[in-house]
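Peer 1: Taking our numbering, the leading residue of the sequence shown gets 2, the next gets one more, and so forth. In this text, a Cβ means the ideal position worked out from N, Cα and C, and glycines have one as well. Model, not experiment: these values are computed from the prediction.
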Amino acid sequence: MMDERDPSTLLDLAIQSLLSNEPVAIHSLGEIPKELFVPLFSAAFMGGYRKTLTEMVKVWPFACLHIGTLSVQEPQRELLKAMVESLQFLPVQNSAARSPKLRILDVRQGVDCRTTCPEFGIRSPTCFHGCTHSVRSILKLESQCSVVNSKPKSQSSRQSMEILVDLSLDGTLREREFFALLLNKVEQSSGSLHLCCRDLQIDKFSYARNTLKFLDLTCIHNLAVDQASLSEVTTILAHMIYLDSLSLSKITFRSLHGKVFQMFLNCLRQMNCLKEFNLSSVSLTDHLASLLRALPPDLDFLYLPFCEISYRDLKFLSQSSQATHLKLLNLSNNAMFWDDSGPFQILLQKLSDTLQHLAINHCHLTDATLSAILPALSKCSHLRVISFVSNPISMPMLMRILHYLTPLMELKYVIYPIPVHCYEQWRFHGSLDRQKLADVQAQLKAMLQAAKRSDMNWITYSQ
Numbered sequence: 002m003m004d005e006r007d008p009s010t011l012l013d014l015a016i017q018s019l020l021s022n023e024p025v026a027i028h029s030l031g032e033i034p035k036e037l038f039v040p041l042f043s044a045a046f047m048g049g050y051r052k053t054l055t056e057m058v059k060v061w062p063f064a065c066l067h068i069g070t071l072s073v074q075e076p077q078r079e080l081l082k083a084m085v086e087s088l089q090f091l092p093v094q095n096s097a098a099r100s101p102k103l104r105i106l107d108v109r110q111g112v113d114c115r116t117t118c119p120e121f122g123i124r125s126p127t128c129f130h131g132c133t134h135s136v137r138s139i140l141k142l143e144s145q146c147s148v149v150n151s152k153p154k155s156q157s158s159r160q161s162m163e164i165l166v167d168l169s170l171d172g173t174l175r176e177r178e179f180f181a182l183l184l185n186k187v188e189q190s191s192g193s194l195h196l197c198c199r200d201l202q203i204d205k206f207s208y209a210r211n212t213l214k215f216l217d218l219t220c221i222h223n224l225a226v227d228q229a230s231l232s233e234v235t236t237i238l239a240h241m242i243y244l245d246s247l248s249l250s251k252i253t254f255r256s257l258h259g260k261v262f263q264m265f266l267n268c269l270r271q272m273n274c275l276k277e278f279n280l281s282s283v284s285l286t287d288h289l290a291s292l293l294r295a296l297p298p299d300l301d302f303l304y305l306p307f308c309e310i311s312y313r314d315l316k317f318l319s320q321s322s323q324a325t326h327l328k329l330l331n332l333s334n335n336a337m338f339w340d341d342s343g344p345f346q347i348l349l350q351k352l353s354d355t356l357q358h359l360a361i362n363h364c365h366l367t368d369a370t371l372s373a374i375l376p377a378l379s380k381c382s383h384l385r386v387i388s389f390v391s392n393p394i395s396m397p398m399l400m401r402i403l404h405y406l407t408p409l410m411e412l413k414y415v416i417y418p419i420p421v422h423c424y425e426q427w428r429f430h431g432s433l434d435r436q437k438l439a440d441v442q443a444q445l446k447a448m449l450q451a452a453k454r455s456d457m458n459w460i461t462y463s464q
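(1) Do I242 and L213 have their beta-carbon atoms positioned less than 8 Å apart in this structure?
(2) Closer than 7 Å by C-beta to Y462: which residues in its own chain qualify, once you throw out the five before and the five after it? Chain order, please.
(3) Where does D368 fall in DSSP's three states?
(4) On the CB-based measure, 16 or more other CB atoms within 10 Å of its CB, does F63 come out buried or exposed?
(5) Who are the near neighbours of R51 in its chain, counting only those whose CB is closer than 8 Å to its CB and skipping five residues on each side?
(6) Can you tell which of V226, Q323, L37, S395 has the C-alpha that lies nearest to the C-alpha of A290?
(7) Please report how far the alpha carbon of L300 lies from the alpha carbon of E277, in whole angstroms.
(8) By the 10 Å Cβ neighbour count, where 16 or more other Cβ atoms means buried, how is R454 classified, buried or exposed?
(9) So what does A45 bridge to, in DSSP terms?
(10) Check the DSSP bridge columns for W459 and list the partner residues they point to.
(11) Starting from V25, trace the alpha helix (DSSP H) in both directions and tell me its first and last residue.
(12) Using the three-state DSSP reduction, which class does I221 fall into: helix, strand or coil?
(13) Counting Cβ pairs closer than 8 Å, one from the segment 158–174 and one from the segment 198–206, do we hit at least three?
(14) From which residue to which residue does the alpha helix (DSSP H) around R435 run?
(15) Note down the Cα distance separating L348 from L359, rounded to an integer number of angstroms.
(16) Roughly how many whole angstroms lie between the Cα atoms of G192 and D167?
(17) Rank P24, H363, W61 by C-alpha distance to the C-alpha of L37 and give the top, closest one.
(18) Based on DSSP bridge pairs, tell me the residues matched to C118.
(19) Grouping DSSP H, G and I as helix and E and B as strand, with all else coil, what is F262?
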């Protein structure tokens, strides 16, 4: 009796057999059912079959091709280059293979999407992830063409295409070479290829100044800038009204009362789609109010580490429109050693229905402060992660915190500070007593077992 085989295993074996002879695999592309293209593409990509991949792109039978969740390490980056180079803007000449249908090549990694998107019909978008904001997008260009000319396109005419990319402008040779390849392909297309950058990371603005001239800034959904002047940032933000996420770190400017900062706030007021805002290492003392007024009221994620937040700032945050919507709040590395913890309590009370992640590391929080906010914190029923490392608290306080937090059934990760009794001198480098820390960990583990919360992870960090 024959062994029963898993159909997926048999398919994998057939694909590996085909790929073992690349000339045969390439020759068969015009004959195999289009349903086999997706598993064949995945296997060829993971196996590094460059020639097969480049030929598959030329005759891809679907409207879109996404890298998606396929792993892109250093060797695979060469495959991405080869795929970009193989893009065809005219029908393949003297080929018996099927005519190419590829319109969108998405080389972004980690996107939660399938290799291809369902095709809805001739007049409907064929890809969930196609560009929608740029005037150069396929959607808008073809909409304009359909109004001007209803005749079918000639077989020899160029098709509009898009490349979706994430770019890191860090000045490295690898990134410069990849961007040069993209620009060269756009030039070859004679205007039919749209370069759509969704996620842009800029490390030192001087590396990116010339490159930005070639990007359509309206396409960008996520922007991260590290080390730049606020005037430079404002110049590009004026064109990015569709941002979902904005992260700024080490941004320099002269005054919170100056014209440049006001222009920055005006840019923020135009970003109605913004869901995540991260401002790090910028002094906002007594000026958080003006920033919050410029941000969307339904913001989901707010990061303000190293921003020198004052009591007045925290009080305004607790009264802001964002205080009833945030899913993540990061106030780490802001010294909160004032006596009145009322604003923090009010903030947590208002966030009790939405907050999922709270980070208050290195905030100089004492036993008294934590004791005051614990009742409000224990009402945050959707909390999943809380991190409060490097705060000077005692072991009895840590045990009390555990008692308050164990009823929060959605809370899975607690990153806690090492109690002060484990140090010979608080925050003195190298003075940690490892045996005392081990005793703390054992006691917390026993308490979690007694509370039947083996699903809750209590983690700390020691040097």
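Peer 2: The relevant details are as follows:
(1) no
(2) V390
(3) D368: helix per DSSP, three-state reduction.
(4) buried
(5) E79, L80, A83
(6) Q323
(7) One C-alpha to the other measures close to 6 Å.
(8) buried
(9) A45 pairs with nothing; no bridge assigned.
(10) V415
(11) 23–28
(12) The answer is coil: DSSP assigns I221 none of H, G, I, E or B.
(13) yes
(14) Segment 435–451, the alpha helix (DSSP H) holding R435.
(15) 12 Å
(16) Distance between the alpha carbons of G192 and D167 is about 21 Å.
(17) W61
(18) For C118, which the question treats as bridged, DSSP gives no partner whatsoever.
(19) helix
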